[in-house]
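Okay, structure first, notes after.
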Amino acid sequence: MTALLEFRHVEKRFTASSCVLSNIDLEIHAGEFVVLVGHSGCGKSTLLSLLAGLEMASSGQVYYQGIPVTRPGPERMVVFQDHCLLPWLNVRENIALAVDRVCVDATPTDRAAIIDRIIEVVELSDAATKRPAQLSGGMRQRVGLARALAIRPKVLLLDEPFSALDAANRYQLQEALMQLCAELGITVVMITHDIDEALLLSDRIIKLTPGPASTIHSIIKNTLPKPRNTLEIANHPDYYQMRKDLLQFLKERQRIS
């Protein structure tokens, strides 16, 4: 099977003496949900930026559909921890800005339907006319996620998208994200510090060693059956073994670093 995304012998340096990522070799296939875990400063966000085309590898190459990634593109949408909303636009207008820019062949009616549906999915219908300053941090994060999902990218790159949400909203959006990405065939690469979130969402979990010169330590294939929900996965016999593996990795690597 040909990889949708590929890192081939990738190294990233910001200066001659500052190596962030070293010898990254990784294939990600269409429709996969891949989660990156590791300590702060291990290069997870840099890895996402390389996939997005916001940063270039110092050596080696990143590929999308077999073509070198040299710049950002609408097929690879990023949601960073900073939601980057335009403060003078309301929720609907922030989402429409992306839809109108990318879905140029859609009719106005079709564009409106896309926006309506995604606002409903992220449960912001009652806040559609509010501006970012009138929203909580968690609601602003949901708008950022909705804006990315609305244009139906091939690849969604997520940097801790649920970190600002309370537990109840986080669980709801996690399950909505899984359902929507599966329905639309979106490939996801996501950063999280939440082990339970990684186990709920992922097909594979990539463990990155502490920086500097972070590399892939190992990869966990998530064997929990789908569809998943937060309550049911905790009863599966594989859940606690994978959770223990991740906790041990993070604890041991913290001691080494």
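For the sequence shown, this note's numbering begins at 250 and goes up steadily by one. Even for Gly, the Cβ is constructed at its ideal location relative to N, Cα and C. Predicted model only: the values in this text are computed from it and were never measured.
Simplified DSSP assignment, three categories, for Asp274: Strand.
Cut-off 7 Å between Cβ atoms - residues of its own chain near Ser266, not counting five sequence neighbours on either side: None.
Where Thr479 falls: helix, strand or coil (DSSP): For Thr479, the three-state secondary structure derived from DSSP is helix.
Phe282 - partner residues in DSSP beta bridges: Note: Phe282 sits in a beta bridge opposite Val437.
Length of the line joining the Cα atoms of Thr441 and Ala362: Going by the C-alpha atoms only, they are around 31 Å apart.
C-beta atoms of Gly387 and Ala416 nearer than 8 Å: No, Cβ-Cβ distance for Gly387 and Ala416 is not below 8 Å.
Tyr513 versus Leu450: straight-line alpha-carbon distance, rounded: With the chain represented from 250 up to 506, any question about residue 513 goes unanswered, as that position is not in the structure.
N-terminal and C-terminal residue of the alpha helix (DSSP H) that Gly386 is part of: Gly386 -> alpha helix (DSSP H) spans 386–399.
Selected residue, minimal CA-CA separation from Glu276, among Glu481, Asn478, Ile465, Lys500: When only C-alpha atoms are compared, the closest one is Ile465.
First and last residue of the uninterrupted alpha helix (DSSP H) at Val348: Counting along the chain, the alpha helix (DSSP H) containing Val348 begins and ends at 340–351.
Local Cβ density within 10 Å of Cys291, reported as buried at 16 or more and exposed below that: Counting Cβ neighbours within 10 Å, Cys291 comes out buried, since at least 16 surround it.
Buried or exposed (CB count within 10 angstroms, at least 16 for buried), Asn513: No answer is possible for residue 513: the residues shown for the chain start at 250 and end at 506.
Any beta strand (DSSP E) of 3 or more consecutive residues that is wholly inside the region 446–495: Taken in chain order, the unbroken stretches of beta strand (DSSP E) that lie wholly in the region 446–495 and span 3 residues or more are 453–457, 465–470.
Sub-8 Å separation of Leu406 and Ile367 beta-carbons: No. Outside cutoff.
6 Å Cβ shell around Gly302 - same chain, five flanking residues per side excluded: Within its own chain, the residues whose Cβ lies closer than 6 Å to the Cβ of Gly302, once the five positions on either side in sequence are excluded, are Val318, Arg320, Pro321, listed in chain order.
Cutoff 6 Å; reference Arg325; Cβ partners in own chain excluding five residues on either side: So the qualifying residues of the chain are Ala301, Val404.
Exposure of Ser385, with buried meaning 16 or more beta-carbon neighbours within 10 Å: Looking at its Cβ environment, which holds fewer than 16 other Cβ atoms inside 10 Å, Ser385 is exposed.
Limits of the beta strand (DSSP E) - the one that Asp408 falls within: Note, Asp408: beta strand (DSSP E), 404–408.
Range of the contiguous beta strand (DSSP E) that encloses Leu254: Start and end: 254–264.
Backbone secondary structure at Met305 - three-state DSSP: Residue state, collapsed to three classes: coil.
Own chain residues within Cβ distance below 7 Å of Lys293, not counting five before or after: So the list reads Leu285, Gly287, Ile440, Leu457, once near-sequence residues are dropped.
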